[in-house]
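> So the protein sequences, as listed, match chains A and B. In terms of numbering that gives the first Met the number 0, the first sequence opens at residue 0 and continues consecutively. In terms of numbering that gives the first Met the number 0, the second sequence opens at residue 0 and continues consecutively. Cβ coordinates follow ideal geometry from the N, Cα and C atoms, glycine included. In this text, all values refer to a predicted model and were calculated from it rather than measured experimentally.
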Amino acid sequence: METRTRFNLNAAIENWQQELAAQPGLAPEDRRELESHLSDSVAELRQRGLNEEESFWLARRRLGSPQRLSEEFVREDPARVWRKRLFWMALALLTVQLWKLTFRTAFVAITDFERFLPEWVVFYVPFWLQDLCRGAGRGRFILAFGFYLPFVALLVAFARGRLSGQGAATRLFLWNRWRFLCATTVLVLGVHLLNAIVIQRAYQFITSYPLDLYLEAITSMCLVGILAWVLPSQSNAASARVEAN
Amino acid sequence: MISKDLVAASSKPLVLSILAGGESYGYEIIQKVRELSGGQIEWSDGMLYPVLHRLERDGMIESKWKKSETGRERKYYFLRSNGRKALQAERQQWLMVHNSLRKLWKLEPALT
Numbered sequence: 000m001e002t003r004t005r006f007n008l009n010a011a012i013e014n015w016q017q018e019l020a021a022q023p024g025l026a027p028e029d030r031r032e033l034e035s036h037l038s039d040s041v042a043e044l045r046q047r048g049l050n051e052e053e054s055f056w057l058a059r060r061r062l063g064s065p066q067r068l069s070e071e072f073v074r075e076d077p078a079r080v081w082r083k084r085l086f087w088m089a090l091a092l093l094t095v096q097l098w099k100l101t102f103r104t105a106f107v108a109i110t111d112f113e114r115f116l117p118e119w120v121v122f123y124v125p126f127w128l129q130d131l132c133r134g135a136g137r138g139r140f141i142l143a144f145g146f147y148l149p150f151v152a153l154l155v156a157f158a159r160g161r162l163s164g165q166g167a168a169t170r171l172f173l174w175n176r177w178r179f180l181c182a183t184t185v186l187v188l189g190v191h192l193l194n195a196i197v198i199q200r201a202y203q204f205i206t207s208y209p210l211d212l213y214l215e216a217i218t219s220m221c222l223v224g225i226l227a228w229v230l231p232s233q234s235n236a237a238s239a240r241v242e243a244n
Numbered sequence: 000m001i002s003k004d005l006v007a008a009s010s011k012p013l014v015l016s017i018l019a020g021g022e023s024y025g026y027e028i029i030q031k032v033r034e035l036s037g038g039q040i041e042w043s044d045g046m047l048y049p050v051l052h053r054l055e056r057d058g059m060i061e062s063k064w065k066k067s068e069t070g071r072e073r074k075y076y077f078l079r080s081n082g083r084k085a086l087q088a089e090r091q092q093w094l095m096v097h098n099s100l101r102k103l104w105k106l107e108p109a110l111t
């Protein structure tokens, strides 16, 4: 059993935030707004003479349980849960696609390193390493392991509970629609360009850039478009709609 | 105590009227409603935000994050011109209902 320690308001608010984050109907911005409300409420109750712990619990009770809050938000805007799911699906697809492409690029570049490195550099690479690189294709089992490892790690992290530290990072990343759009576009185009250059060098396509690669690049950009469209940030979505009117 | 349906129906004109008096944030709006009604209109704190967000989606109000003098961040809401028009329509409807009831109940004539 835990021993009872002094009440910590910040920790309590942090916990409450995590409870909110577990609800499907609340966007990051909604949570921020609710937290600002809770802080106002706590401050006022403290002025009336309640202690920190009492103020927190009363303010929390007045605001309603996280589940009820989420229900109220969803009832007002039923599409939001759907939008959130679409966002995560598109993000997962894009991540898998980009990782696959990066992995393929790295694989081709490593097995065919003689084409990409100047002769004098190759001269200094130890023979055992050269053999290892040339024979990379044979170690398919190890390769597959390397490919799936990040996904397994991610799944384990999710299963162990929310990715806590990463929450702040995503919030920052998702804050602004334009920042998100620019960052992902640069990333997608960069990965595709690198892949194209490496493949071109290795297989010597003389006529044209193969259709498959174009299609892949187009799919990636479509996914980025979907992500930007359903970005879970209310004020951005609202202001975009206002501009459209 | 006012019934749930009436609380829901009156939330729009109340919010718009309060914002017509100047920008405000969720907590302050709730306090004001409580004060105005002498505690008779009891809004659960969490129910106001979906209402505000719907009004924002409908283009009647606008929001902006601002730092208050205490350093705490708050999301302030402002009335837009669409909201001002909507408020006028609401006002007419509510006064119409109000006048009809007054006549039926034979209270003293309405002021408008």
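What does B:Ser43 reach in chain A if we use C-beta pairs closer than 7 angstroms?
Result: Gly63.
> How big is the Cα-Cα spacing for A:Ile141 and A:Val120?
For A:Ile141 and A:Val120, the distance between alpha carbons rounds to 27 angstroms.
> Note down the Cα distance separating B:Lys31 from A:Ala91, rounded to an integer number of angstroms.
Taking the straight line from one Cα to the other gives about 45 angstroms.
> Residues of chain B with a CB under 8 angstroms from the CB of A:Ser40: which are they?
Those are Tyr26 and Asp44, listed as they occur along chain B.
> Which residues, in order along the segment 66–81 of chain B, keep a beta-carbon less than 7 angstroms from a beta-carbon of chain A?
Within the segment 66–81 of chain B, the residues whose Cβ lies closer than 7 angstroms to some Cβ of chain A are Arg71, Glu72, Arg73 and Lys74, listed in chain order.
> Name, in chain order, the residues that DSSP records as bridge partners for B:Glu72.
Beta-bridge pairing links B:Glu72 to B:Lys66.
> Just to confirm, is the Cβ distance from A:Ser35 to B:Glu72 under 8 angstroms?
Contact: yes.
> Name the residues in the segment 47–59 of chain B whose C-beta lies less than 8 angstroms from a C-beta of chain A; which are they?
Under the 8 angstroms Cβ criterion, the segment 47–59 of chain B contributes Tyr48, Pro49, Val50, His52, Arg53, Glu55, Arg56 and Gly58.
> Can you tell me whether A:Leu49 is helix, strand or coil according to DSSP?
Three-state result, A:Leu49: coil.
> Helix, strand or coil for A:Leu116, going by three-state DSSP, please let me know.
In the structure shown, A:Leu116 sits in coil (DSSP, three-state: anything other than H, G, I, E or B).
> Could you please tell me which residues of the segment 68–85 of chain A, in chain order, have their CB closer than 8 angstroms to any CB of chain B?
Of all residues in the segment 68–85 of chain A, Leu68, Glu71, Phe72, Arg74, Glu75 and Asp76 have a Cβ within less than 8 angstroms of some Cβ in chain B.
> Going by CA-CA distance only, name the one from A:Asn7, A:Thr101 and A:Val229 that's closest to A:Leu180.
A:Leu180 has its Cα closest to that of A:Val229, out of A:Asn7, A:Thr101 and A:Val229.
> With DSSP as the reference, please indicate the residues paired to B:Leu78 in a beta bridge.
Per DSSP, B:Ile60.
> Starting from B:Lys31 and walking both ways along the alpha helix (DSSP H), at which residues does that stretch end?
Gly25 to Leu35 is the extent of the alpha helix (DSSP H) around B:Lys31.
> Considering only residues of the same chain and omitting the five flanking positions on each side of B:Trp42, which have a CB-CB separation below 8 angstroms?
Excluding positions up to five away in sequence, the list reads Val6, Ser10, Ile29, Val32 and Arg33.
> Quick one: which residues of the segment 13–30 of chain A get their C-beta closer than 9 angstroms to a C-beta of chain B? List them in chain order.
Going along the segment 13–30 of chain A in chain order, one finds Glu28 and Asp29 with a Cβ nearer than 9 angstroms to chain B.
> Do you know how far the Cα of A:Gly189 is from the Cα of A:Asn50?
Going by the C-alpha atoms only, they are around 55 angstroms apart.
> Measuring straight from C-alpha to C-alpha, what distance separates A:Gln199 and A:Thr110?
Rounded to whole angstroms, A:Gln199 to A:Thr110 spans 14 angstroms at the Cα level.
> With a cut-off of 8 angstroms, does the C-beta of A:Arg5 fall near any C-beta of chain B?
A:Arg5 does not count as touching chain B.
> Put A:Trp81 into one of helix, strand or coil per three-state DSSP.
DSSP places A:Trp81 in helix when its eight states are reduced to three.
> Pop quiz: A:Val124 and A:Ala201 are said to be a contact at Cβ under 8 angstroms. What is the actual Cβ separation, rounded to whole angstroms?
Incorrect: roughly 18 angstroms between the Cβ atoms, too far for contact.
> Does any CB atom of chain B fall closer than 8 angstroms to the CB of A:His36?
Answer yes: the Cβ-Cβ gap between A:His36 and chain B drops below 8 angstroms somewhere.
> What would DSSP say about A:Val124, mapped onto helix, strand or coil?
The answer is coil: DSSP assigns A:Val124 none of H, G, I, E or B.
> For A:Val73, which residues in the same chain have their Cβ closer than 8 angstroms to its Cβ, ignoring the five residues on either side in sequence?
For A:Val73, where only same-chain residues beyond five positions count, the Cβ hits under 8 angstroms are Pro23, Gly24, Arg79 and Val80.
> Would B:Ser23 pass as a contact of B:Leu86 if the rule is Cβ separation under 8 angstroms?
Contact flag unset, no.
> With a threshold of 7 angstroms (Cβ to nearest heavy atom), would A:Glu32 be considered close to the ligand MN?
Ligands are entirely absent from the displayed structure, and the ligand MN is therefore not among its contents.
> Ordered along the chain, which non-local residues of its own chain (more than five positions away) have a Cβ less than 8 angstroms from that of A:Val41?
Cβ within range, chain order: Leu8, Glu51, Ser54, Phe55 and Ala58.
> Of all Cβ atoms in chain B, is any one closer than 8 angstroms to the Cβ of A:Leu33?
Taking Cβ atoms only, chain B reaches closer than 8 angstroms to A:Leu33, which makes this a yes.
> Please report the Cβ distance between A:Leu97 and A:Leu226, rounded to the nearest whole angstrom; I am assuming they are in contact, meaning their Cβ atoms lie under 8 angstroms.
No, A:Leu97 and A:Leu226 are not in contact; Cβ-Cβ is about 12 angstroms, not under 8 angstroms.
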